[in-house]
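Chains A and B, in that order, are what the protein sequence lines are.
Residue numbering for the first sequence is 19 to 733, as defined by this note's numbering.
Residue numbering for the second sequence is 116 to 603, as defined by this note's numbering.
Ideal Cβ positions, reconstructed from N, Cα and C, are used throughout, including at glycine.
Everything below concerns the one structure shown next.
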Amino acid sequence: MRESMEKRPPGSVVAMSGPTSTPTHCPYCALQCAMAVHGGPGGTADVAPLDFPTNRGGLCQKGWTAAELLDSPGRLTTPLIRDSAGEQRPASWDAALAAVTDGIRRAQHAGGRDAVAVLGGGGLTNEKAYQLGKFARVALRTRNIDYNGRYCMSSAAAAGNRAFGIDRGLPFPLADLDRTGSVLLMGGNLAETMPPFISHLVAMQRNGGTLVVADPRRTSTAELADVHLQPSPGTDLALALGLLHLVVTAGYLDREYIAERTIGFDDVWRVAALWWPERTERVTGVGVRAQRETARVLGEAARRGGAVILTARGAEQHSKGTDTVTALINLALSLGLPGRERSGFGCVTGQGNGQGGREHGQKSDQLPGYRRIDDPAARKHVASVWGVDPDDLPGPGPSAYELIDSLGTDGGPRALLVHGTNVVVSSPNGRLVADRLASLDLLVVCDVVLSETAALADVVLPVAQWAEEDGTMTNLEGRVIRRRRAMAPPPGVRAELEVLADLAARLGAGAHFDADPEVVFDELRLASKGGIADYSGISWRRIDAEGGVFWPCPSNGHPGTPRLFADRFATPDGRARLFPVDHRPAAEDVDPDYPVHLTTGRILQHYQSGAQTRLVERLNAKAGAPLIEVHPDLADRCGLADGDDARLVSRRGTAVGTVRVTTSARPDTVFMPFHWGGEQAVNQVTNAALDPVSKMPEFKVCAVRLEPAGRKETT
Amino acid sequence: MSRVVVVGHGMAGARFVQELRARDPEHEVTVLSAESEVAYNRILLSSVLAGALTPAEVEVVPSAWYAAEDVDLHTGVEVTRINRANRWAHTNNGDTFEYDHLVLATGSRPWIPPVDGLLLADGGLADGVAVFRTLADCRAITRRLESARQPVRRAVVLGGGLLGLEAARGLAGRGVDVTVVHPVGRLMERQLDEAAGRVLARTIAALGMRVLLNRQAVAWHGNGEPAERTLELDDGTCVPADLVIVACGVRANTDVAVSAGLEVEHAIVVDDRLTSVTDPRIHAIGECSQYDDQVYGLVAPAWEQAAVLADILTGGDARYSGSRVVTRLKAAGVDLATLGDADLNGTAAADDTSEVISFADPARGTYQKIVIQDDRVTGAIMLGETDTAGTVIQLYDRDAVVPHDRRALIFPGVLDAGVASNVTDLPDDAVVCRCNGVSCGEVRAACADGARTAGEVAVATRATTGCGSCAGDVDALVQQAESLEVAL
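If you want it as structure tokens, here you go:
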């Protein structure tokens with residue numbers, strides 16, 4: 019039985035998947051649009067959208083051009099080893115894997131098991147993410163593993179866990195948004211980051227619902243909103259507290275729900291009581307009237323058709339991101355939303371498998387099934403599935419940025435394996451990150467293309483990509499879906515599971531590692547059984563038959579769980595927790611030397627570090643270099659005009675981009691996308707101040723100055 | 116370990132204790148509060164009066180906090196004398212507290228004008244007379260409002276300043292017939308100029324309140340039958356009233372400081388360490404504190420002072436250098452913010468070094484005035500539907516350069532005006548389908564190449580194949596191309 023087909027938007031081109039096409043999902047973001055891949059390797063592959071409850075037959079430009087990457091000239095098709103002269107030279111798989119195992123042995127001989135570290139990614143399939151975590155704990159036996167979701171979902175995850183006892187981005191199917199009465203989106207630019215998502219928001223508006231978007235920039239998404247709140251960067255938490263204040267004083271507090279389904283409101287109110295609207299306005303810049311209107315819209319909708327509060331990276335990528343999300347959860351609980359029909363709180367997951375990637379053990383403190391690695395019962399269960407002694411499993415390690423910061427230092431890891439992440443572009447304080455990577459004895463990168471990080475590696479291992487592999491992804495709704503193999507990878511390229519199995523065998527742990535993704539998934543099911551993210555009832559066969567299964571799904575006969583929290587929350591007593599949080603300023607404020615706020619984000623044409631999308635001709639034609647969005651007044655003061663090259667300078671580094679003068683920017687804030695490397699990498703500038711709970715770096719606000727960088731030289 | 120005794124537990128005192136504990140758990144902290152309530156949020160009293168919040172909901176610090184944080188709290192205790200030589204604070208129940216640092220956060224009290232009948236012989240308020248200062252005052256007023264025996268149908272608020280107008284609005288919101296009596300020619304004369312005062316009076320009147328300007332009360336006749344109770348004014352009129360609320364300003368509570376020999380002018384004089392200029396062991400914050408000739412009657416400066424003093428007493432090197440004052444009227448249906456020096460008597464307007472930007476729309480209750488010097492906001496009045504208030508306040512707080520086009524300070528979005536709203540008027544480089552980055556020009560080119568429907572445009576350009584929300588715009592462009600063709 020498939021999910022019911024939604025009416026697709028007019029004008030969309032929907033191809034039927036014929037005998038020569040393979041139904042799968044887009045390689046990029048967490049929306050995981052359904053698409054068919056036609057043809058095969060050698061430049062003949064093409065894609066067409068499929069109807070699915072999330073994308074409804076729509077694709078964005080990234081999706082439409084996804085096949086270009088399959089036969090890109092930038093594709094890696096042979097392993098590379100850095101020679102004594104420092105050049106990366108083609109090598110055989112055997113030589114490359116031998117170099118990796120030798121390096122691992124040397125590092126661990128000198129510095130113990132923790133001398134080898136692993137960084138994973140939120141784009142890996144569930145099978146690969148699971149296997150990578152197991153590889154670190156069983157084959158390497160290192161505690162040093164974390165993943166780039168630390169830069170993505172960690173704040174929302176930490177807040178969700180502490181409030182609801184579970185972390186699933188959306189606790190309801192996306193299509194529920196169509197019929198809700200109002201959506202408040204805090205810090206997300208969905209019109210560019212996952213465009214087909216917008217169809218659900220537009221459907222809601224056409225059904226009479228109201229869209230409120232909070233963003234310091236007037237983004238494409240903000241332009242669609244009925245109400246746009248434009249807070250100063252770094253003040254979302256104050257705004258959330260101010261909205262809670264107004265929900266109470268305007269009489270929209272759902273007292274019955276608070277009494278029956280939650281704990282902790284009184285302490286939360288004591289903080290929110292101090293955020294009267296005029297104070298909130300002074301801190302956030304959001305007008306009192308706009309605050310009142312937002313509270314009214316949400317409050318009225320909560321009483322009628324329902325209301326939804328969503329967060330994304332704009333609210334989360336701060337040194338207080340966990341608390342900001344908590345404040346928004348508190349707001350949602352005060353309105354009685356979570357667990358109600360067409361209502362709730364959700365966070366919009368970013369990376370393709372940002373959801374599944376955070377559930378199955380590539381996070382430093384986790385074991386599969388969203389289990390805690392310091393929980394003896396969890397260790398015992400997982401060790402029994404893995405056939406090892408629980409005492410042999412390492413304990414929790416440091417978070418991604420802390421781990422990177424320790425590389426090559428006294429007592430820090432000497433070797434690093436990188437899977438599916440381009441850390442030198444995506445980490446904050448990028449100059450320091452490059453220094454740390456350079457100080458390693460061994461850097462190994464598994465990737466599809468020669469990313470900026472792969473270019474620094476001692477050993478590069480070319481691996482298969484989306485249309486060449488089978489597996490599962492868990493989309494932003496918590497729906498486990500199938501990625502299907504449409505073609506064989508090019509000669510010389512191996513699947514990552516094969517690479518891990520081979521390396522494990524060379525390290526003497528081969529018996530524990532299979533390279534068949536379905537076998538790995540079946541093992542993941544067992545390992546997750548009884549955990550929070552329980553996949554044990556989900557099989558590939560069921561996903562194929564049902565068009566996806568929502569976790570938790572604790573048994574074969576269980577229908578899966580599209581909607582969480584209808585009766586209880588995943589806490590011991592079934593009640594949600596309101597946790598008191600207060601606003602605090604960003605880690606770095608502007609000053610006379612660095613007088614402008616910088617915020618960062620994505621644009622439509624590129625995905626994450628851009629390592630893949632920058633190789634796609636049609637995307638580069640639209641967006642070949644980073645544009646810095648600058649308000650006309652600020653541009654004038656800095657002596658910059660539209661089209662000039664400008665340099666952003668912070669205490670940590672510089673980045674160069676082209677000025678785009680626009681009133682969509684606040685006069686005190688510039689925006690630069692983070693999809694480029696080298697001197698165009700904005701993360702050379704961003705601040706690595708970490709959230710104390712989630713260890714999320716403060717990507718979304720720091721202090722910079724803006725200087726002319728001269729006209730761009732033509733190359 | 117030093118002993119800190121805090122006198123007063125209002126917005127300043129309670130905040131100071133929290134700031135101190137957040138920095139250092141070691142100090143021995145004693146709080147002596149004259150009020151019997153736990154600390155509450157005075158800012159929200161107008162919401163309590165209006166019935167939007169209950170008294171319990173304005174509590175700032177839960178009682179359990181003091182025990183958990185090891186703070187020794189005494190409520191209902193007044194400090195009657197300070198022995199500076201021995202560093203002792205004596206209380207009205209005979210206790211003595213020894214201090215290393217004494218923090219005076221005694222706040223202020225309402226000033227009762229010399230009007231016959233307002234006060235009883237013993238100094239207490241006469242029947243039917245109330246002040247609006249503490250939670251206890253608020254409870255007393257609320258009790259009167261909810262009394263079945265003596266219903267309040269008509270009330271007079273003496274004083275058309277910030278507090279008086281908030282009280283008046285609260286009562287009016289509860290259906291009471293309210294008259295505001297103000298001795299000056301305009302409301303809130305310390306914050307507003309003539310024109311703003313007129314617009315505000317109009318707004319207040321539209322909310323059902325009566326405003327009598329240039330009138331003083333001379334006598335409260337409150338002893339007769341309820342129906343005969345009136346407030347007599349200096350022009351001879353008598354305003355019938357069941358309740359009189361006195362909101363004629365406040366006086367700092369400095370009696371103890373004066374008798375201890377501390378330098379006191381309008382309030383206790385302190386230096387940039389918020390320390391009495393007379394005694395380095397004694398500090399004053401909030402409304403009982405005077406720094407650089409200023410006494411701040413607002414919560415934001417009190418909180419800034421609390422943070423600075425907590426830092427100093429825990430060994431930090433913070434210094435207080437005055438606060439930027441933003442005054443807000445918190446009354447439903449009246450949005451008013453004033454800040455800095457808003458050139459109330461019009462001298463800046465005639466001065467070459469200043470710019471005064473103003474806009475008034477009295478019919479809609481809007482009055483906006485922004486004073487600029489050296490490209491910075493130095494004062495403003497923003498009354499009515501002023502969606503730029505947040506922006507102006509942030510510019511003032513940060514001493515930031517104002518927009519090149521000053522209109523942006525008054526009209527939100529003015530810089531974005533002129534953008535065509537009709538897709539057929541957009542230039543070729545404007546994006547019509549965001550999801551696929553398709554410009555109007557590309558759609559027009561597809562039509563020129565023979566596309567006749569949105570579906571054919573979609574095949575050629577991918578426009579409409581993302582979220583689909585641009586389908587109407589693409590249709591319009593297709594139709595435009597058709598009509599152009601016909602016209603040709």
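{"Item": "Are the CB atoms of Thr-160 of chain A and Val-134 of chain A within a distance shorter than 8 Å?", "Value": "yes"}
{"Item": "Measuring CA to CA, which of A:Leu-435, A:Val-403, A:Leu-582 and A:Arg-123 is closest to Gly-362 of chain A?", "Value": "A:Leu-582"}
{"Item": "Can you confirm whether Glu-299 of chain A, when its beta carbon is compared against all beta carbons of chain B, has any partner nearer than 8 Å?", "Value": "yes"}
{"Item": "Spell out whether any CB of chain B is found under 8 Å from the CB atom of Ser-417 of chain A.", "Value": "no"}
{"Item": "Bridge partners for Arg-390 of chain A per DSSP, in chain order?", "Value": "A:Gln-384"}
{"Item": "Using beta carbons (cut-off 8 Å, strictly below), is Lys-445 of chain B in contact with chain A?", "Value": "yes"}
{"Item": "Could you tell me whether any Cβ in chain A is nearer than 8 Å to the Cβ of Val-516 of chain B?", "Value": "yes"}
{"Item": "Please classify Asn-574 of chain A as buried or exposed, where buried requires at least 16 other C-beta atoms within 10 Å of its C-beta.", "Value": "exposed"}
{"Item": "Hey, Gly-437 of chain B and Gln-420 of chain B: beta-carbon distance below 8 Å or not?", "Value": "no"}
{"Item": "When DSSP labels each residue in this structure, what does Ser-734 of chain A get in the three-state scheme?", "Value": "Beyond the ends of chain A as shown, which are 19 and 733, falls residue 734 of chain A; an answer cannot be given."}
{"Item": "Could you tell me the alpha carbon to alpha carbon distance between Arg-107 of chain A and Ala-114 of chain A, rounded to whole angstroms?", "Value": "10 Å"}
{"Item": "If you measure from the beta carbon of Arg-330 of chain B to each beta carbon in chain A, is any gap under 8 Å?", "Value": "no"}
{"Item": "Starting from Gln-617 of chain B, find everything on chain A with Cβ-Cβ shorter than 8 Å and list it in chain order.", "Value": "Absent from the structure is residue 617 of chain B, since the part of chain B shown begins at 116 and ends at 603."}
{"Item": "According to the Cβ coordinates, are Val-406 of chain A and Val-136 of chain A closer than 8 Å?", "Value": "no"}
{"Item": "If the criterion is Cβ atoms closer than 8 Å, does the pair Leu-666 of chain A and Leu-616 of chain A meet it?", "Value": "yes"}
{"Item": "Using 8 Å as the threshold, is the C-beta distance between Val-589 of chain B and Cys-550 of chain B below it?", "Value": "no"}
{"Item": "Looking at the structure shown, is Pro-266 of chain B part of a helix, part of a strand, or coil, going by DSSP?", "Value": "coil"}
{"Item": "For the alpha helix (DSSP H) that Gln-133 of chain B lies in, which residues bound it at each end?", "Value": "126-138"}
{"Item": "Should Thr-503 of chain B and Leu-524 of chain B be called a contact, given that it needs their Cβ atoms to be closer than 8 Å?", "Value": "yes"}
{"Item": "Only counting the same chain, and skipping five residues up and downstream in sequence, which positions put a Cβ closer than 8 Å to that of Val-677 of chain A?", "Value": "Leu-645, Ile-646, Val-648, Ala-653, Leu-658, Ala-659, Asp-660, Gly-661, Asp-662, Asp-663 and Ala-664"}
{"Item": "So, is Glu-174 of chain B buried or exposed, given that buried needs 16 or more other C-beta atoms within 10 angstroms?", "Value": "buried"}
{"Item": "Quick one: what does DSSP say Leu-599 of chain B is sitting in, helix, strand or coil?", "Value": "helix"}
{"Item": "At which residue ranges does the stretch 132-164 of chain A contain complete beta strand (DSSP E) runs of 3 or more residues, listed in the order of the chain?", "Value": "134-138"}
{"Item": "State the CB to CB distance for the pair Asp-456 of chain B and Thr-429 of chain B, rounded to an integer number of angstroms; the pair is presumed to be in contact (CB under 8 Å).", "Value": "Incorrect: roughly 35 Å between the Cβ atoms, too far for contact."}
{"Item": "What's the gap between the Cα of Ala-362 of chain B and the Cα of Glu-347 of chain B?", "Value": "17 Å"}
{"Item": "Is Gly-364 of chain A near Gly-205 of chain A, with beta carbons less than 8 Å apart?", "Value": "no"}
{"Item": "Measuring alpha carbon to alpha carbon, tell me which of B:Tyr-214, B:Arg-289 and B:Gly-461 ends up nearest Val-267 of chain B.", "Value": "B:Arg-289"}
{"Item": "For Leu-219 of chain A, which of A:Leu-425, A:Gly-430 and A:Leu-192 has the nearest alpha-carbon?", "Value": "A:Leu-192"}
{"Item": "Should the stretch 271-283 of chain B be called in touch with the stretch 170-187 of chain B, which here means at least 3 C-beta pairs below 8 Å?", "Value": "no"}
{"Item": "What does a CB cutoff of less than 8 Å around Arg-439 of chain B pick up in its chain, not counting 5 residues either side in sequence?", "Value": "Leu-454, Gly-455, Tyr-511 and Asp-512"}
{"Item": "Does any CB atom of chain A fall closer than 8 Å to the CB of Arg-549 of chain B?", "Value": "yes"}
{"Item": "Please work out which residues of its chain come closer than 7 Å, Cβ to Cβ, to Ala-706 of chain A, disregarding the five sequence neighbours upstream and downstream, and give them in chain order.", "Value": "Tyr-419, Pro-446, Asn-447 and Pro-715"}
{"Item": "Please list, in chain order, all residues of the same chain as Gly-305 of chain A whose beta carbon is under 8 Å from its beta carbon, the five residues on each side excluded.", "Value": "Glu-299"}
{"Item": "Tell me whether Asp-489 of chain B sits in a helix, a strand or coil according to DSSP, three-state version.", "Value": "coil"}
{"Item": "Figure out for me which residue from A:Phe-597, A:Phe-692, A:Val-265 and A:Asp-101 has the closest Cα to the Cα of Gly-282 of chain A.", "Value": "A:Phe-597"}
{"Item": "Would you call Ala-563 of chain B buried or exposed, if buried means 16 or more other Cβ atoms sit within 10 Å of its Cβ?", "Value": "exposed"}
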